[in-house]
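Asker: The numbers in our numbering rise by one with no breaks, and the one at position 62 of the sequence shown is 72.
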Amino acid sequence: MSLAWRGPALLVAATSLWGVSSAGIAGVGATGIAAAPVAAGGAAALLGFAVVRGGAPWRDFRAAPRLFLRLGVLEVLNLVSYVAALYLGPLPVVVALHLTSPVLLIVVRIVRGRRSITLTLAAELVAIGAAIWLVAGYRPADTALGPALLGCALALISAACVAGLITLVVRESPGLPSGSAAGLQLLTAAVLATPVIGMAMFLGAGPTARQAVILGVIGALLLGPGFACYWLALRELDEVTAGLIGLNEAVVATVAGALVVGSEITVATLMAGVLVLGAVGLELGSPARARAQS
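1) Are the beta-carbon atoms belonging to residue 253 and residue 114 less than 9 angstroms from one another?
2) Using the Cβ count rule (16 or more neighbours within 10 Å means buried), how would you classify residue 17?
3) Can you name, in chain order, every residue of its own chain whose Cβ lies under 6 angstroms from the Cβ of residue 174, other than the five neighbours on each side?
4) Output yes or no for whether 9 angstroms exceeds the beta carbon distance between residue 199 and residue 29.
5) If you draw a straight line from the C-alpha of residue 179 to the C-alpha of residue 48, how long is it?
6) Report the CB separation of residue 141 from residue 282 in whole angstroms; it is logged as a contact under 8 angstroms.
7) Does the stretch 224 to 234 touch the stretch 63 to 78, meaning 3 or more C-beta pairs lie closer than 8 angstroms?
8) Is residue 150 helix, strand or coil when you go by DSSP?
9) Any beta carbon of chain C sitting closer than 9 angstroms to that of residue 134?
10) Relative to the C-alpha of residue 20, which residue among 255, 288, 289 and 285 is closest?
11) For a test of the three-state rule: what should DSSP assign to residue 111, helix, strand or coil?
12) With a threshold of 16 other CB atoms inside 10 Å of the CB of residue 121, please say whether the residue is buried or exposed.
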C-alpha cells in the first residue's frame, strides 16, 4: 500500500467498522443510551492490547489528562445530542444535519483564510450536499415545528462535536500511541456516559444485562479496532479529508443494516456512496489540500 493511500484506507476501515457496529447495536434492540457498554467494551479491548504490547495507558493519560477529558466530553455530547435529535425529528433532516461535519470543517478553513473557494472545492461541496440529501432520504416532515427546530439544532451540535473530535485527533495523534490513546478516549467517554445510562436504567429504559454484554462485545470487536484505525489514519490526513471519508460510515451502516435488521438498500444510498468517493478523490487530488497545523 502506498504511503499516500495508507491514511485514507485506514479511515475507510475505521468508518466501515463503525458502520457495522451501528447496525449491530440496532440489531440488539436495546432501548435507552447504549454508549457506556459499547465504549467500555472498546476501551477494555484496546487498553488490554496496549498493556500486553508493553504500553502504559495510565502514564499516557497522566501526560495529557485535559486532552482525554475534552475528547470524552465531545464524544458524549455528540452521542447525547444525536440520540435526542433522533427522538425529536424530523428524522431525515436530523440525519442530514448530523452528517454536515465535513462542510463545517471546510467553512472554518475558508473563514480562517486557510482555504480559498475554487472550482474543485465547489464541486466537492455539491457532491457532499447531494450525498447527504440522498442518505437522508428527504421527505416532508410531520413533526411539530418546535420539536423539529430543537431536533435540528441538536443535530448541528452533534455535527460540530464530530468536527471538533476530528480536529483534536488530527492535531494530537502524532505524539500519542494510537491504541492506548483510542482506548483512553473510549474509556473517558464510557465513564462520562455512565450516569446517563444509569438514569435510563433507573427509569426502565436501559439495556438488559444480556444486551449490555452483547453491546460490550460489539464495542470490543468493532468499535475499539475502528478507533485504533481512526487514530492511525489521522496522523496522515487533514480534517477536511477525514470528514469526507467519515461519510462512509452512513453508507456502510445502511448496507450492514440491511443484512442485520432487514432495512432496505436504496438506489439513493448507492448513489450517495459514489458521490462520497468522488468528493474524496477530488480532495485527495486537490493542490489546495494541506495538513492541518497545530
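Quick reminder that beta carbons are idealized off the backbone N, C-alpha and C, glycines included.
All values reported here derive from a predicted model rather than from experimental measurement.
Answerer: The short version:
1) yes
2) buried
3) 84
4) no
5) 20 angstroms
6) 4 angstroms
7) no
8) Low confidence applies here, because residue 150 scores a pLDDT of 46, under 50, leaving its location unreliable; read the following figure in that light. Three-state DSSP puts residue 150 in coil, outside helix and strand.
9) No chain C appears in the structure shown, which is made up of a single protein chain.
10) 255
11) helix
12) exposed
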